[in-house]
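Presented below is the structure to which this report refers.
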Amino acid sequence: MTLPLFKPSDDPGPSFYALLARFGNVSPPIEASLSAGSLAVPHATTVVASKYADGVIMAGDRRATAGNLISHRTMEKVFAADRWSGVAIAGAAGPASEMVKMFQLQLQHYEKVEGHALSLEGKANQLSGMVRNHLPAAMQGMVVVPIFAGYDRRRGHGRLFAYDVTGGRYEEEDYVASGSGSLFARTVIKLGYQDSNDQDTALDLMIRALFTAADDDSATGGPDSMRGIYPTVAVITEDGYAQLGEAEIAERFGTVLADFTRGGASA
0 MTLPLFKPSD
10 DPGPSFYALL
20 ARFGNVSPPI
30 EASLSAGSLA
40 VPHATTVVAS
50 KYADGVIMAG
60 DRRATAGNLI
70 SHRTMEKVFA
80 ADRWSGVAIA
90 GAAGPASEMV
100 KMFQLQLQHY
110 EKVEGHALSL
120 EGKANQLSGM
130 VRNHLPAAMQ
140 GMVVVPIFAG
150 YDRRRGHGRL
160 FAYDVTGGRY
170 EEEDYVASGS
180 GSLFARTVIK
190 LGYQDSNDQD
200 TALDLMIRAL
210 FTAADDDSAT
220 GGPDSMRGIY
230 PTVAVITEDG
240 YAQLGEAEIA
250 ERFGTVLADF
260 TRGGASA
């Protein structure tokens, strides 16, 4: 058997697939036999975080989408990184969840080896390196863009960090949002944010922001009273990370819905 020879002007290039195609030996690509959207990667959508007088608040909706389909209705997007910090995920759901688990493990390992917890700045830098190492997968469409927040016990106040797909880390002064509904959520927070907001005011602001994002962005999940599904909300203060109960979130959403019904949202 001899190898085929091609003139320079007729070179099929370095692609072996292209070479086989020249001889008619290529079967239909596997994508052609699969239904549309069946290879879509589930994506987490909208997460938000804001400072307030006593610390920071993080919140995220529960919906994950795969193309035009809802792949999960009860996905968790807000997690405790350790006792005094939390991380919220947006982007490709699988890699993001694994990144959170590895991040939690690395913080635990550092504390056990060194005998003390990593500084909040060091935690933010650690997560930045993980996002940067994920860049090859992000270039293939599996983007992960987290939000990191925590209570800095050395400085005595809450801090927020946003990231870009290359691992760039940026400290935010007031609030931050990530995901497909972030534009709508950020606008609501911007209009209601004040440094002096107490916890109740900040909670209502986060809930109103996610409700507005769900109202305008199809990938963001709103409150689902029929199934009892509500966004995840957590506060981080000098006492540590604490996730709010669903009963409280449901009650607050009821107030927001009542305001919208009365036209209060447009006031």
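Final position of the sequence shown in numbering that gives the first Met the number 0 is 266; the numbers increase by one with none missing. A virtual CB, placed ideally from N, CA and C, is assigned to each residue, including glycine.
Range of the contiguous alpha helix (DSSP H) that encloses residue i
i: SER127; result: 119 to 132
i: GLN103; result: 92 to 113
Integer-rounded CB distance, given that residue j should sit under 8 Å from residue i
i: ALA92; j: MET74; result: 7 Å
i: VAL175; j: LEU190; result: Actually they do not touch by this definition, with Cβ atoms about 15 Å apart.
i: PRO94; j: THR64; result: With a Cβ gap of about 16 Å, PRO94 and THR64 do not count as contacting.
i: GLY244; j: ALA148; result: GLY244 to ALA148, Cβ: 20 Å. No contact.
i: ARG153; j: SER118; result: 7 Å
i: VAL77; j: GLY54; result: Not a contact, Cβ separation roughly 14 Å.
i: ALA136; j: ILE146; result: About 19 Å separates the two Cβ atoms, so there is no contact after all.
i: THR211; j: ALA184; result: 7 Å
i: ALA201; j: ILE56; result: 5 Å
Reduced DSSP secondary structure (H/G/I, E/B, other) of residue i
i: LEU4; result: coil
i: SER224; result: coil
i: GLN193; result: coil
i: GLY253; result: helix
i: LEU243; result: coil
i: VAL164; result: coil
i: ALA31; result: Here ALA31 scores only 41 on pLDDT, less than 50, and its place in the model is too uncertain to base an answer on.
i: ILE297; result: For residue 297 there is no data in the structure shown, the boundaries of the chain being 0 and 266.
i: ILE235; result: strand
i: ASP9; result: helix
i: ARG152; result: coil
i: ALA264; result: In this prediction, ALA264 has a pLDDT of 49, which is less than 50 and means its spatial position is unreliable; what the coordinates show is noted afterwards. Residue state, collapsed to three classes: helix.
i: ALA218; result: coil
i: ALA43; result: strand
i: ARG72; result: coil
Where the beta strand (DSSP E) through residue i begins and ends
i: THR64; result: 63 to 65
i: MET205; result: Segment 198 to 215 is the alpha helix (DSSP H) holding MET205; no beta strand (DSSP E) there.
i: GLY54; result: 54 to 59
i: GLU51; result: In the sequence as displayed, the identity of residue 51 is Tyr instead of Glu. Where TYR51 is concerned, the enclosing beta strand (DSSP E) stretches over 46 to 51.
i: TYR174; result: 174 to 177
i: VAL77; result: 77 to 81
i: VAL86; result: 84 to 87
Buried/exposed call for residue i, threshold 16 Cβ in 10 Å
i: ASN67; result: exposed
i: GLY157; result: buried
i: SER49; result: buried
i: ASN196; result: buried
i: ALA246; result: exposed
i: THR219; result: buried
i: GLY221; result: buried
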